[in-house]
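Trainee:
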């Protein structure tokens, strides 16, 4: 049951390492959940999932761009995105849950590999990938540098703008991935999904 919060927490870690915060993850999860429910009615399931993740990444991109390019406060921007995301979730869903989710989506959660549920295995692999990226790659070290001292990172020739935006894109995309697992478990998408998720992810 902690997998959903755990996945969102990985994206939140990237954001917090740059000195920012993302209060919109719960609303992005709710909105992208509705997008998944609607997309699955018109497209094959794999394409619907891709649309969902890209939607989350796109919302993160907007937040990251506003913060990095205009120097706006992350708290304010993501608070605004939180309101926008939740409103759009209500509008697109018609304020009702979507229960016409293809049953095969549940295989994301109820498949076991060596006795381990696939969603738990995914979370473990995601943690390892995030740790390896942040610890051993130039991009990961740049994210730490941006959070430590943005002006020093810029003076050192690092791509401060790109690595200030990237964490919000990752955060938005992982919010969409997390809610996909949640919907796979419930086979229902509700506009209220993800409510309060940001607090658990930050913690």
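In this note's numbering, the protein residues as written are 26 to 228. No residue lacks a Cβ here, since even glycine has one placed at the ideal position from N, Cα and C.
#1: Inspect the beta-carbon positions of residue 214 and residue 62 and report whether they are closer than 8 angstroms.
#2: In whole angstroms, what separates the C-alpha of residue 116 from that of residue 85?
#3: When the Cα of residue 167 is compared with those of 27, 29, 40, 34, which residue comes out closest?
#4: Using the Cα positions of residue 142 and residue 176, report the straight-line distance between them to the nearest angstrom.
#5: Determine the direct distance from the alpha carbon of residue 212 to that of residue 194, and round the result to whole angstroms.
#6: Does the beta-carbon distance from residue 92 to residue 99 come in below 8 angstroms?
#7: If you draw a straight line from the C-alpha of residue 310 to the C-alpha of residue 127, how long is it?
#8: Any beta carbon from chain D within less than 8 angstroms of residue 146's own beta carbon?
#9: Look at the Cβ atom of residue 110, then the Cβ atom of residue 55, and state whether they are nearer than 8 angstroms.
#10: Going straight from the alpha carbon of residue 36 to that of residue 205, what length do you get?
#11: Quick one: what does DSSP say residue 228 is sitting in, helix, strand or coil?
#12: Using a 10 Å radius around the Cβ and a threshold of 16 neighbouring Cβ atoms, would you call residue 24 buried or exposed?
#13: Which of the three DSSP states is assigned to residue 98 in this structure?
#14: Run through DSSP, which three-state label would residue 142 get?
#15: Report the three-state DSSP secondary structure of residue 32 (helix, strand or coil).
#16: Suppose only complete runs of 4+ residues qualify. What are the alpha helix (DSSP H) ranges in the region 36-117, listed by chain order?
#17: On the criterion of 16 or more Cβ atoms from any shown chain inside 10 Å, does residue 5 qualify as buried, or is it exposed?
#18: Expressed to the nearest angstrom, what Euclidean distance is found between the alpha-carbon atoms of residue 38 and residue 47?
#19: Check for me: the alpha helix (DSSP H) holding residue 208 runs from which residue to which?
#20: Go through its chain and collect everything with a Cβ distance to residue 97's Cβ below 6 angstroms, but skip five positions before and after it.
Mentor: Answer, in terms of the structure:
#1: yes
#2: 20 angstroms
#3: 40
#4: 44 angstroms
#5: 26 angstroms
#6: yes
#7: It is not possible to answer for residue 310, since the shown part of the chain is limited to 26 through 228.
#8: As a matter of chain content, chain D is missing from the structure shown, which is built from one protein chain.
#9: yes
#10: 15 angstroms
#11: coil
#12: The structure shown has nothing for residue 24, since the chain only spans 26 to 228.
#13: coil
#14: strand
#15: helix
#16: 50-64, 70-95
#17: Given a span of 26 to 228 for the chain in the structure shown, any question on residue 5 remains unanswerable.
#18: 10 angstroms
#19: 185-211
#20: 91
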